[in-house]
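Report on one structure; see the data block that follows.
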Amino acid sequence: MIRRERNWESRIGRRLKLRDLDILSTVAECGSMAKGARQLGMSQPAVSESIANLESTLRVRLLDRSPKGVEPTIYARALLNRGNVVFDELKQGIRDIEFLADPGAGEVRIGCPESLMAGFVPAIIDRMSQRYPRIVTRVVNAQPGEQEFRPLHERRLDLMLGRVLMPLRDAEIDAEVLCTDKLFVVAGARSPWARRRKISLSELAHEPWVMFPKDSLIALHYAQALEASGLRSAPESVTSFSVHVRTQLLASGRFLTLMHGSTLRHYARPWSLKALPIDLASPAVPIAIFTVRNRTLSPAVRLFIEQSRTAAQSLAGDSWT
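Residue numbers 0 to 320, in numbering that gives the first Met the number 0, belong to the letters of the sequence shown in order.
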């Protein structure tokens, strides 16, 4: 072990520079020395020299060169995969320093489906903003329920929030369950069904329904919930992922849909929506925070997770029937 450490110091440790790793990463991404040099604001000879020094230090070829440009070798890919972790940890270190210098500042990058953007996530952000007004929150559309975790692995997001619709297949992802989300049959206040005290699901079989597209996991979840409750053929008149489309159509009084409590609690009053008195056989679905296992989280991200846990407690005991 001692020999290996000394070998690292003498052969690699003192010669391997982060700047060289950044140059290699840029060239590999651009696919050519010339394009990489322009993006880096360097001369092409300087870029070539940097990569040549890396190859000499590591004693392997890092780029395969051809008239069409360059392509990273298996050795380069291995180095860059680890290098991305190094750069990410350095960025997190800088964020930590900034947070220590100013505990109220930072940035959180979140991915979640639109249905959670329609109330649950804004409620967390509102709590966060009141307590830490200088923390910037960036929210983008993502589908953790479909187990699309690439943005997390590629470090474009710090965390995701979503519903757990199936067991996790990705061993590198951790899921912390915040709460469970009950499913309701929902109509607009102008719907004749909204005035009924007793309704069987079979009575709604021929009504116009707004559902999710059939090729989505959430659509399968909805269909299974209806079938488990006795409606064997899941109806649909309109399909869309948009919460706005669903609420507009429900407000007309003509359409029905399925909606989770986390969305309904924020949309029921402003859009005059009502959960119909139908007890679906489908169990409540967990809402979870998804992060990459063993990846360091910044203090701002940890604060967001704390606020998420507190906000999730308010969903317990919600009743919309």
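Don't be surprised by glycine CBs; every beta carbon is placed ideally from N, CA and C.
Per DSSP, the bridge partner or partners of residue i
i: S65; result: G68
i: E106; result: V135
i: G187; result: L272
i: F289; result: M159, A174
i: N83; result: Answer is none; N83 lacks a bridge partner.
i: D180; result: V284
Simplified DSSP assignment, three categories, for residue i
i: A280; result: coil
i: L156; result: coil
i: F148; result: coil
i: I96; result: helix
i: W295; result: For the sequence presented, residue 295 should be read as Thr rather than Trp. Residue state, collapsed to three classes: coil.
i: L167; result: coil
i: L89; result: helix
i: L302; result: helix
i: L257; result: strand
i: T309; result: helix
i: L314; result: coil
Buried versus exposed call for residue i [16 or more other C-beta atoms within 10 Å across all chains shown]
i: H205; result: exposed
i: Q306; result: buried
i: T357; result: As shown, the chain starts at 0 and ends at 320. That puts residue 357 outside it, with no answer to give.
i: A287; result: buried
i: R64; result: exposed
i: G144; result: buried
i: I93; result: exposed
i: L182; result: buried
i: Q142; result: buried
i: M127; result: buried
i: G40; result: exposed
i: H243; result: exposed
i: R76; result: exposed
i: P132; result: exposed
i: S331; result: For the chain, the structure presents residues 0 to 320; residue 331 sits outside this window and is missing.
i: D180; result: buried
i: V135; result: exposed
i: P212; result: exposed
i: M159; result: buried
i: G103; result: exposed
i: G35; result: buried
i: V139; result: exposed
i: I123; result: buried
i: M32; result: buried
i: K273; result: buried
i: T320; result: Caution applies to T320, whose pLDDT of 45 falls short of 50 and renders its modelled position unreliable; the value that the coordinates give is listed next. Exposed, by the Cβ-count rule.
i: A222; result: buried
i: M258; result: buried
i: V84; result: exposed
Host beta strand (DSSP E) of residue i (start-end)
i: I198; result: No beta strand (DSSP E) holds I198; DSSP gives it neither H nor E.
Bounding residues of the alpha helix (DSSP H) (the contiguous stretch that carries residue i)
i: V380; result: Shown here, the chain extends from 0 to 320; a query on residue 380 therefore has no answer.
i: L115; result: 113–116
i: L263; result: 260–266
Near the ligand MG: residue i beta-carbon under 8 Å from a heavy atom
i: E48; result: As presented, the structure is devoid of all ligands, the ligand MG included, so that no description of it is given.
Exercise. Which ranges does the alpha helix (DSSP H) cover as unbroken runs of at least 4 residues, wholly within the stretch 206–247, from first to last along the chain?
Worked result: Counting only runs of 4 or more, we get 216–227.
For this session: Run through the stretch 13–53 for me and flag every whole alpha helix (DSSP H) of 4 or more residues, listed as ranges in chain order.
Result: 17–29, 32–39
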